[in-house]
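*Asks:* Sending over a structure as structure tokens; questions will come in a sec.
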Amino acid sequence: MDNLIGVKELRENFGNYEKLVKAGRSFIVMKRSRPIFTINPVDDGGWETVIDFMTFKKKGIPIDELITRLKRLA
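Position in the sequence shown (first residue = 1) + 1 = the working numbering.
Shown next as structure tokens:
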């Protein structure tokens, strides 16, 4: 099983595993021959952009302004 990796292996090669997970691979992380957690790709299908604050200002908007705008909607 090439999807079993140790904590040390993950720590030392995190960047490589990050790329593999982004490509769709999953891994079971082991510590002392016992599984402790899994790493799975995120399902982006459930996310949607509700509003893009970059359309108001090129660098976004300050949090205070965001809160003020949200309070006006309530």
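Even glycine gets a Cβ: it sits at the ideal position worked out from N, Cα and C.
1. Find the nearest neighbour of L11 within the set V30, I37, I64, L74, judged by alpha-carbon distance.
2. Determine which residues share a DSSP beta bridge with K9 and list them.
3. Do I40 and V22 have their C-beta atoms closer together than 8 Å?
4. Taking the alpha-carbon of K9 as reference, which of S27, A24, G25, S34 has the nearest alpha-carbon?
5. With V30 as the anchor, note down where its beta strand (DSSP E) starts and where it stops.
*Replies:* Short version:
1. Your numbering for residue 11 matches position 10 in the sequence shown. With distances taken between CA atoms, L11 lies nearest to V30 out of V30, I37, I64, L74.
2. Within the sequence shown, numbered from 1, the residue matching residue 9 stands at position 8. DSSP lists no partner for K9.
3. Locating residue 40 in the sequence shown gives position 39, counting from the first residue. Locating residue 22 in the sequence shown gives position 21, counting from the first residue. For the pair I40 and V22, the CB atoms are nearer than the 8 Å cut-off.
4. Here residue 9 corresponds to residue number 8 of the sequence shown, with the count starting at 1. Proximity to K9 across S27, A24, G25, S34 peaks at S34, based on C-alpha coordinates.
5. As a working note, residue 30 is residue 29 in the sequence shown. 28-32 is the span of the beta strand (DSSP E), which, as asked, contains V30.
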